[in-house]
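My numbering numbers the first residue of the sequence shown as 214 and each following residue consecutively.
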Amino acid sequence: PEGEFEKPTHEKWRPAEKREMTKPKDNLRPEGEFEKPKHDEWRPAERQTPKKPEDNLRPEGEFEKPTHEKWRPAEKREMTKPKDNLKPEGEFEKPKHDEWRPAERQTPKKPEDNLRPEGEF
């Protein structure tokens with residue numbers, strides 16, 4: 214190719230311009246007067262009386278209330294060993310141990326090899 218190449222020129226960066234707000238226009242207009250609800254002055258609500266269902270069931274006679282003993286700590290239970298019918302028969306062999314004495318100290322072992330120095334030093 215011969216001649217000069219055309220390079221597009223880019224504009225330098227700058228922040229965008231803020232757009233103006235446009236309010237949409239319509240032909241709707243309020244007509245007449247508006248009524249506002251009237252609120253009474255605040256006061257606490259009245260408490261409802263509880264309703265009890267009536268029935269024909271009535272208790273007859275006198276009731277007995279159990280008397281409870283005064284609290285005291287519980288007594289400790291005796292330990293019972295469970296009994297079984299297994300008994301050892303014959304004599305048991307026990308291993309015999311020699312009396313304790315200090316062990317003999319080992320002599321250090323040096324590994325032997327066939328490498329020897331040769332020549333004069």
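Just so it is clear, CB atoms sit at the ideal spot from N, CA and C, and this is done for glycine as well.
C-alpha gap between residue i and residue j, whole angstroms
i	j	result
residue 312	residue 295	39 Å
residue 299	residue 287	35 Å
residue 223	residue 216	22 Å
residue 226	residue 220	18 Å
residue 256	residue 248	24 Å
residue 254	residue 274	55 Å
residue 320	residue 309	29 Å
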